[in-house]
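In what follows, a single structure is set out as structure tokens and then discussed.
Protein chains in written order, with our numbering: chain Z, -7 to 92; chain L, 9 to 471.
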């Protein structure tokens, strides 16, 4: 028998916040833990439904319409527009903090 | 010519004949904006550019409000979020291309729940929007600004986006028509992605005929949206387009889902009026549809958490510098995203996490398939599926504090985002306090024409 998560403690919420790259205060963590209890209780109602094997493997049937793999615009056509949106730039580069 | 007593076709005919000018319509919209927007807060930004002379297209020169998540190159667009407060669109959406070609006149960008997550337009960083019919009530959401702009005469029509009901529910709450087209009928290129397998762009208008006009204008195939369906492929579905006037009602679903007494009475009266228009009403069973909302609140946060990962403060949008790169990401997201967006990103992270994706995400995908099959099968015997749009009229501010209570707002609209079917909400009369109800019709895939036919019959029947 599988026991489904019906409540989340503060550590669980902290883990989700880390995964989502969010800083949460202890008050916020408490409040989200309470919200999650209600939400998980609601979405866990789907666990009561049995489904057959064929449906279990379902991954979706949408068709994507893709264009030919050719050059669709000329090099540099949009660069300046996009660079202008960057919070920090250095010439034709987007500037980021040191990674290593 | 007042927006609320005319139709788009009539307005355009009068523009062409010279009875009115595009400037007069522009002035009329801006008069309503200057009188009401400070209170209603339907528009985040208004555009003062004057319209050109009227063109041939029926939407040319007609004032329209645009939801704040559809890109027009060179214009600010923020999805109701602090994250994109100063973001300027770097390219045109397909909608912008169409609107520029036909000479549409955009009067401003409409307020919305942050990143389209909400059912009341209370989560916008730019303040809540009030319902023009009763300012103590919400306009619905997430396209609440779009609906309120039309309801208060700031625009003749508006565009919104509908991921779980975000066009139809605010239309119902503001006494307007709201259409969610078939998935794949309207290009989403340049619509900010929330949950990509569910998002649709649709119009909010004063009548069904206007919704049809706007839909016909925006439903072009777009080779730059991989989910846009080619016209010839849509035609394969349209053999079900002839209207034999049979309406199916999923009774047991309605009985379970907490419909208010007055709302139920309104719905039953609406059905009997359709009978008088020559429609046959039959009961249908959709056994799995009661789980649609739970399925939705797994798939939608999962997709939203992936889509919103792009807001990292590096390439565009808000950027808050921290001690190192990881800290900068965290500070940027924490400062840029509001409460509901954070909640759904974390919920998405939870349902996709390695310990839980089988029990949540994959199970939800399987159920989505079953629900879709049930709805598609139902159309073997009926032309239209009818439900109320919402369980009740627009609620008062602060009435729904619990997230689940807010999510339940979408119980009747969500199923058709999961299945892809087109659906429309049409005003169906008022309650004892003068607030409007909505009648919700769903049709087979790509059979919008059937919605418009039945919708016009309904409008005639309820006069």
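Even glycine gets a Cβ: it sits at the ideal position worked out from N, Cα and C.
Taking a Cβ-Cβ cut-off of 7 Å, residue 423/L has no neighbours in chain Z, whose nearest Cβ is about 14 Å from it. Residue 70/Z belongs to the set of residues whose beta carbon lies under 9 Å from a beta carbon in chain L. Interface residue (Cβ-Cβ distance to chain L less than 9 Å): residue 84/Z is not classified as such. For the pair residue 170/L and residue 421/L, the CB atoms are nearer than the 9 Å cut-off.
Interface residue (Cβ-Cβ distance to chain L less than 9 Å): residue 19/Z is not classified as such. Residue 7/Z and residue 313/L have their C-alpha atoms roughly 15 Å apart. Spanning the alpha carbons of residue 333/L and residue 323/L requires a straight line of approximately 13 Å. Per DSSP, residue 97/L lies in no alpha helix (DSSP H) and is assigned neither H nor E.
Within the same chain, Cβ atoms closer than 6 Å to the Cβ of residue 242/L are found at 454, the five residues on either side in sequence being excluded. Short of 6 Å from the beta carbon of residue 462/L, and not among the five residues preceding or following it, lie these beta carbons of its own chain, in chain order: 392 and 449. Annotation: the continuous beta strand (DSSP E) that includes residue 187/L extends over 185 to 188. Excluding the 5 residues flanking it on each side, residue 65/L has same chain C-beta neighbours closer than 6 Å at 110, in chain order. By a beta-carbon distance limit of 8 Å, residue 278/L does not contact residue 432/L. Their separation comes to about 13 Å. Contact annotation: the stretch 268 to 277 of chain L touches the stretch 394 to 414 of chain L, with at least three C-beta pairs closer than 8 Å. Taken in chain order, the members of the stretch 407 to 434 of chain L whose beta-carbon sits within less than 8 Å of a beta-carbon on chain Z are 410, 411, 412 and 415.
Contiguous beta strand (DSSP E) elements confined to the stretch 231 to 280 of chain L occur at 254 to 257, taking only those with 3 or more residues. Cβ atoms of residue 403/L and residue 146/L come within 8 Å of each other, at about 6 Å. Three or more beta-carbon pairs separated by less than 8 Å link the stretch 114 to 134 of chain L to the stretch 143 to 161 of chain L, which places the two stretches in contact. Separation of the CB atoms of residue 343/L and residue 328/L is rounded to 5 Å, and the pair is thereby assigned contact status at 8 Å. Boundaries of the beta strand (DSSP E) around residue 74/L: 71 to 75. According to the DSSP assignment, residue 449/L belongs to the beta strand (DSSP E) that extends over 444 to 450. Close partners of residue 30/Z in chain L (Cβ separation under 8 Å): 410, 411 and 412. In the structure shown, residue 438/L adopts extended strand secondary structure according to DSSP, grouped into three states.
When C-alpha distances from residue 263/L are compared across 364/L, 419/L and 388/L, the shortest belongs to 419/L. The contact set of residue 3/Z on chain L, defined by CB atoms closer than 8 Å, is empty, because the minimum CB distance reaches about 13 Å.
Along the stretch 171 to 230 of chain L, the alpha helix (DSSP H) occurs as fully enclosed runs of 4 or more residues at 176 to 181 and 216 to 226, listed in sequence order. Check the Cα spacing between residue 16/L and each of 99/L, 158/L and 140/L: the tightest is with 158/L.
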